[in-house]
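Residue numbers (my numbering): 42 to 479.
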């Protein structure tokens, strides 16, 4: 006798059983409803004390697949919190609407709605289309196409985050819909200021005056290891909860969110879930960017060369661990005093060694040139400024070059100048030598 398949997870069924709320009114728009958003910002919003007042309208990044999956489930999904002792399952119900990025009209209407108070983003570093100088790359083909489309009037579709958001914010200002906060949640230094600069660059290229746009750009540091969801994870949800969830996500128990900036039209009470609001975010973002994200790169490049598949596997490899520790010694000095780097490092070791989190090294080793520039070169520069040889950072660069040459991952770079434009002549020589040595 064949066992019937489990029923599909839906909001209606969960509301009826008391395990989820009805969709909250949309007051937030999110760009990039991938796995990280669903384990982080959506999770924080679902745990806010006023969650019933704050619904999220999420738009996809590259593919409409997750929007289709979430829409079929009424926006609800399962978060599998995977600790070393076992799994915990949480129903997340903060997404009220899910749309494909191609739905530009709906995106503009929602950002321009007076009820919308917050826009958040998780589009990865590459999604900002930045040049080596940190400004919008106006020569990138997607940026060129979007600027041309905007010069032609109201476009049917835009390809870049900067163009879509600038277009929507201009529309909001024209409608007089009131102030709004825009919150970057990507791994970029001073990500709020960086996002503001890209929006300003779009506007300047089009001759738009942004003086009257009542927009606050908020900087953040975000942290939660989120591996790809596998068919095994989907089956684990089925076995534990009795339904099929095509949008399930997996994350470590640890989560952190630090924010700095103004929310002129209000925000959810994220502090109820542990978010912190600070005046100076620089120490937090630098520590996370260089030690966690930079440490991940060190493990990914060396680990893939040695045949490791996951972060936990690489942590168990003595050669990979030595590579990581050399880099971390320099990264701690680069972060500087007052950020408890020693305690954070001990915490990272425990998190990286969680072998129940299958954080694949290949997932980390994408957009590698951008990541090296943002996560490794600052460590090299800081170490060289105090007269150190920067062997740890240079070793990561050598491993990056070696892995790219052997096809372990794409290099993501066509010219050395794209990587080293801000380096000193001496550092450029060291970086070039490390790339050749790889």
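Where is the CB? At the ideal position from N, CA and C, for every residue including glycine.
The structure displayed is predicted, hence computed values, not measured ones.
| Item | Value |
| --- | --- |
| Residue 159 versus residue 429 - alpha carbon distance | 44 Å |
| Uninterrupted alpha helix (DSSP H) stretches inside the segment 224-298 (no shorter than 4 residues) | 232-247, 272-282 |
| Nearest residue (CA-CA) to residue 386, options 364, 348, 332, 225 | 332 |
| Three-state secondary structure assigned by DSSP to residue 455 | Because the pLDDT of residue 455 is 49, which lies under 50, any placement of that residue in the model is unreliable, and the question is left without a value. |
| Of the listed residues 410, 361, 202, 78, nearest to residue 148 (C-alpha basis) | 202 |
| Buried/exposed call for residue 455, threshold 16 Cβ in 10 Å | Bear in mind that the predicted position of residue 455 carries a pLDDT of just 49, short of 50, making it unreliable; the figure below should be weighed with that in mind. It is exposed - the Cβ of residue 455 has fewer than 16 other Cβ atoms within 10 Å. |
| Identified DSSP bridge partners for residue 98 | 70, 138 |
| is_contact[residue 427, chain C] using C-beta, thresh 8 Å | Absence of chain C from the displayed structure is noted, only one protein chain being present. |
| C-beta atoms of residue 116 and residue 139 nearer than 8 Å | yes |
| Proximal residues to residue 278 (C-beta, below 6 Å), its chain only, five neighbours per side dropped | 119, 286, 289 |
| Spatial distance of residue 54 from residue 407 (CA atoms) | 38 Å |
| As assigned by DSSP and simplified to three states, the class of residue 23 | Here the chain comprises residues numbered 42 to 479, so residue 23 is not present and cannot be evaluated. |
| Coil, strand or helix - residue 476 by DSSP | helix |
| Spatial distance of residue 313 from residue 327 (CA atoms) | 25 Å |
| Exposed unless 16 or more other CB atoms sit within 10 angstroms - verdict on residue 352 | buried |
| From 69, 424, 316, 425, residue whose alpha carbon lies closest to that of residue 156 | 69 |
| Residue 52 versus 368, 296, 65, residue with shortest Cα-Cα distance | 65 |
| Residue 410 versus residue 417: straight-line alpha-carbon distance, rounded | 10 Å |
| Three-way DSSP call (helix, strand, coil) for residue 123 in this model | strand |
| Cβ neighbour criterion (16 or more within 10 Å) applied to residue 224 | buried |
| DSSP-derived helix/strand/coil call for residue 317 | strand |
| Cβ-based neighbour list, residue 58, same chain, cut-off 6 Å, excluding 5 preceding and 5 following | none |
| The segment 370-380 touching the segment 462-478, judged by at least three CB pairs closer than 8 Å | no |
| Cut-off 8 Å between Cβ atoms - residues of its own chain near residue 467, not counting five sequence neighbours on either side | 425 |
| N- and C-terminal bounds of the beta strand (DSSP E) containing residue 162 | 159-162 |
| Residue 270 versus residue 325 - alpha carbon distance | 28 Å |
| Neighbourhood of residue 381 by C-beta, 6 Å cutoff - its chain only, sequence neighbours within 5 removed | none |
| Local Cβ density within 10 Å of residue 48, reported as buried at 16 or more and exposed below that | exposed |
| Residue 337 versus residue 44 - alpha carbon distance | 42 Å |
| Counterpart residues of residue 130 in DSSP-defined beta bridges | 121 |
| Opening and closing residue of the alpha helix (DSSP H) in which residue 426 lies | 418-426 |
| Residues sharing a beta bridge with residue 49, DSSP | 285 |
| Cβ pair count under 8 Å reaching 3, the segment 199-217 against the segment 232-252 | yes |
| Enclosing alpha helix (DSSP H) for residue 369 [first to last residue] | 359-376 |
| The alpha helix (DSSP H) enclosing residue 356, as first and last residue numbers | 352-356 |
| Residue 106, enclosing alpha helix (DSSP H) - first and last residue | 106-113 |
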